[in-house]
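Structure first, then comments.
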Amino acid sequence: GTLQRLPKLMPEGVVRELAYTGRKFSAQEAQGVGFVNALYADREALIAGVMDIAAQIAANSPLAVTGCKEMLNYSRDHSVADSLKYMATWQAGMFRPTDMVKTFQAKAQKQAPQYDDLFAVKNLFES
134 GTLQRLPKLM
144 PEGVVRELAY
154 TGRKFSAQEA
164 QGVGFVNALY
174 ADREALIAGV
184 MDIAAQIAAN
194 SPLAVTGCKE
204 MLNYSRDHSV
214 ADSLKYMATW
224 QAGMFRPTDM
234 VKTFQAKAQK
244 QAPQYDDLFA
254 VKNLFES
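For what it's worth, our numbering labels the leading residue of the sequence shown as 134, then goes sequentially.
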C-alpha cells in the first residue's frame, strides 16, 4: 500500500522518482517535502518535542480535536464536495457551543479552559 498512500503525503513527482529509482532519501529531504514535520537531534529532544505538541493538542477542546481528526481522515479519501457535506452533517450533530463559551471565557480570564470529556464511542449494538 505504500505506492497508493505516498502520493497523498508527498509531492507526486518525488514519489515517482523514489519509486522508479529506489533511492533512499535523507531526513532533511523528508522534512523538505513535508513527509515529516520536524527533525530532532536525539531521543531526548524528540520526546520533548512531541510532548510539547501533545500538550498543545490536549489543551484544546476534545470535540474540536476529534472533529478535526475525523474530517482530515475522511477528506483524505473523498472529494471536496463529499467532505463538505460530511462536515456539515458532523457539525450539526456534534457541535457544542459550551466549548466555545469556555474557550472565550478562559481567554478573557487568562486561564486554561476546562472542557467536558467526550462520550465513549460504542458500536451500534453495544449497550
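Ideal Cβ positions, reconstructed from N, Cα and C, are used throughout, including at glycine.
Span separating the alpha-carbon of residue i from that of residue j
i	j	result
PHE252	SER159	42 Å
LEU196	ASN170	24 Å
CYS201	GLY226	15 Å
ARG138	SER194	30 Å
LEU136	GLU150	12 Å
THR222	ALA245	30 Å
Cβ pair residue i, residue j closer than 8 Å
i	j	result
TYR248	ASP232	yes
PHE168	LEU205	no
VAL166	VAL147	yes
Nearest neighbour of residue i, chosen from the options [CA to CA]
i	options	result
ASP250	THR135, GLU177, GLY167 and ALA191	ALA191
VAL254	VAL234, THR199, GLU145 and TYR219	THR199
Rounded distance between the beta-carbons of residue j and residue i, thought under 8 Å
i	j	result
LEU172	GLN189	Contact doesn't hold; Cβ gap of about 19 Å is too wide.
Delimiting residues of the alpha helix (DSSP H) encompassing residue i
i	result
TYR253	A small correction: the amino acid at residue 253 is Ala; Tyr does not occupy that position in the sequence shown. From DSSP, ALA253 is part of no alpha helix (DSSP H); its letter is neither H nor E.
ASN206	195 to 209
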